[in-house]
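Below: one structure, written as structure tokens.
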Amino acid sequence: MPIVLSVNSGSSSLKYQLIDMPSEHVMAKGVIERIGLGDSIHTYSMNDIKVEVTEDIANHEAAVGHLLKMVQHDKYGAIQSLDEIQAVGHRVVHGGERFSNSVLMTDEVMNQLHACIELAPLHNPANITGIQAFQKLLPSVPHVAVFDTAFHQSMPKKTYLYSLPYEYYEKFGIRKYGFHGTSHRFVTKRAAQIMDRPLEELKLISCHLGNGSSIAAVHGGQSIDTSMGFTPLAGVTMGTRSGDVDSAILPFLMDKLDLSEKEVLDIYNQKSGLLALSGISSDLRDIEEAAQQGNERANLAIDIFVERIRNYIGSYAVQMNGVDAIIFTAGIGENSQWIRSLILEKLDWMGIHFDPQQNGVRGVERELTYATSPVKAFIIPTNEELMIARDTMSISGIEEGMELCLR
Ligand code: ADP
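Residue numbers (the numbering used here): 344 to 750.
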């Protein structure tokens, strides 16, 4: 059966999963951190075996070499030879307006990825470096790019356009792009399966709540709006990101604090959000603990986070003229009983009859509403790696090859 390598390359990290398709069984997975920073750590697991190796890994190519050796290791390896890997799927953060679906990597696509760098200067270069390293070491297999932005390309113009001079959109591509698309696509598809209804007739609101958070309105399987914008800074309050703020605060702060715009933007990205509001941590677990002990700022941070999310839910229910289900996913959505209940309480008027008894779980698929509730709520653990592997299977032509073999 075909084996697909699903990859997420960051600037100093590389996460991967070796997935057997179409059984979708994860054969091995790992993460390499501190690439190029000295004392790199490669954490690898296969079934119950867990291995951690610390050594200097100078760059992404060395990291790919390391992982390819690990997956073939005599003791811990999941495969015997690299020939067993039939395709590689790569997460790419920004595909601009050029990509509304995952694509097979070609020289032309690589040129277009370079053209998207100005839209995601922190993420795309790392994604490109990762793809190039894999292409060099696995040159004879297809490589597929899967974009965070692609799913949201179905948004209508009235949603994605900002009320700024129109030529900025035409000249510079300034518009809402949205992110976490692979996750929103995965959980909304799964919701339709759980509900046993065609995705094409469902109105869904997907809440991806992690360190970065975004909400998406998905009507008939198509994203029609999402809370992140031109960059992943927009939308709801996040771990360290501010979410939506009045743009005029930026020059005001530059003046008051005598900082450059980059310095203020760094504050928006790294020193705001739950971290700034609580004054404690960007990690919700720490904030929940402090709030339970009566810490006022921690309680305020939770209130603001929940309020912003509820505002988007209300807005999206209006935009879709109704909603069939609300989905919670990612670190907070899958694990925080408290946040889920604060969001879902008092939504009876919307047809959401929340069942608190179902809410006491973490990281598992679960319906959170009574069986009779007209509008449903679910926890659906996300799986971006699997979505990447599925796209890689269908786009690389392996799936077709398999069907031909089976015929
Ligand atoms: P990323 O956006 O980095 O992928 P994750 O999806 O891993 O983030 O989400 C991280 C967030 O999930 C953190 O704020 C963390 O506190 C929160 N989280 C994880 N487990 C729990 C838990 N048991 N209770 C509350 N929050 C949790």
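Every residue gets a Cβ at the ideal spot worked out from N, C-alpha and C, and that includes glycine.
Beta-carbon contacts of residue i that lie in its chain and below 6 Å, excluding the five residues immediately before and after
i, result
"H433", "V350, I474 and A488"
"L552", "A673, I675 and G676"
"I741", "P345, Q429 and A430"
"V452", "V446"
"S356", "E376"
Residues that DSSP places opposite residue i in a beta bridge
i, result
"A463", "Looking at the DSSP assignment, A463 forms no beta bridge with any residue, so it has no partner."
"M389", "I392"
"V666", "For V666, which the question treats as bridged, DSSP gives no partner whatsoever."
"A371", "L361"
"R434", "V489"
"I548", "A560 and I669"
"E376", "I384"
"E398", "S383"
"V446", "A488"
"I656", "Note: I656 sits in no beta bridge, so no partner."
Extent of the continuous alpha helix (DSSP H) to which residue i belongs
i, result
"V407", "H403 to V414"
"R683", "Q680 to L687"
"Q613", "E604 to Q613"
"F595", "I592 to L600"
Reference residue i; option with closest CA among the options
i, options, result
"L547", "I723, L411, N444 and L685", "I723"
"I378", "I392, V394, G353 and Y359", "G353"
"E727", "Q701, R528 and F515", "R528"
"K570", "N654, A405, Q701 and V431", "The sequence shown places Ser at residue 570, rather than the Lys named in the question. That would be N654, whose Cα lies nearest to the Cα of S570."
"A430", "A405, I647 and V484", "V484"
"A714", "D382, Q701 and R705", "Q701"
"A371", "M389, S355, Y359 and L380", "M389"
"F490", "S549, N470, S366 and F477", "N470"
"H437", "C550, Y520, L687 and S556", "Y520"
"G555", "E543, D539, I567 and A577", "A577"
"A534", "D698, G381, Y387 and A668", "A668"
"E461", "S506, A644 and G516", "G516"
"A401", "K418, M597, D417 and E376", "E376"
"D734", "L465, A559 and M364", "M364"
"Y659", "D568, P575, A634 and L608", "D568"
"P482", "T525, L425 and E544", "L425"
"S549", "M413, F494, S356 and L480", "F494"
"H409", "I695, Y505 and T386", "T386"
"F721", "P699, I731 and S739", "P699"
"A559", "G420, V666 and E398", "V666"
Cutoff 7 Å; reference residue i; Cβ partners in own chain excluding five residues on either side
i, result
"H562", "K546 and M663"
"E427", "I346"
"L749", "With a pLDDT of 49 at L749, under the threshold of 50, the modelled position of that residue is not reliable, and no figure is offered here."
"G706", "E677, N678 and P724"
"A619", "none"
The beta strand (DSSP E) enclosing residue i, as first and last residue numbers
i, result
"L348", "I346 to S352"
"D762", "The structure shown does not extend to residue 762, since the chain is modelled only from 344 to 750, so the question has no answer here."
Other residues of its chain near residue i: CB distance less than 8 Å, five sequence neighbours each side excluded
i, result
"I630", "L617, S621, I623, S624, A641, A644 and I645"
"M736", "P345, V347, M364, P365, A430 and E742"
### Any beta strand (DSSP E) of 3 or more consecutive residues that is wholly inside the region 691-741
Correct list: 719-722.
Notebook entry, point to check: Counting only runs that start and end within the region 616-652, where is the alpha helix (DSSP H) found for 4 or more residues in a row?
Noted result: Correct list: 616-621 and 627-635.
| query | What residue ranges within the region 454-542 form continuous beta strand (DSSP E) runs of no fewer than 3 residues, ordered along the chain? | reply | Here the runs fully enclosed are 486-490.
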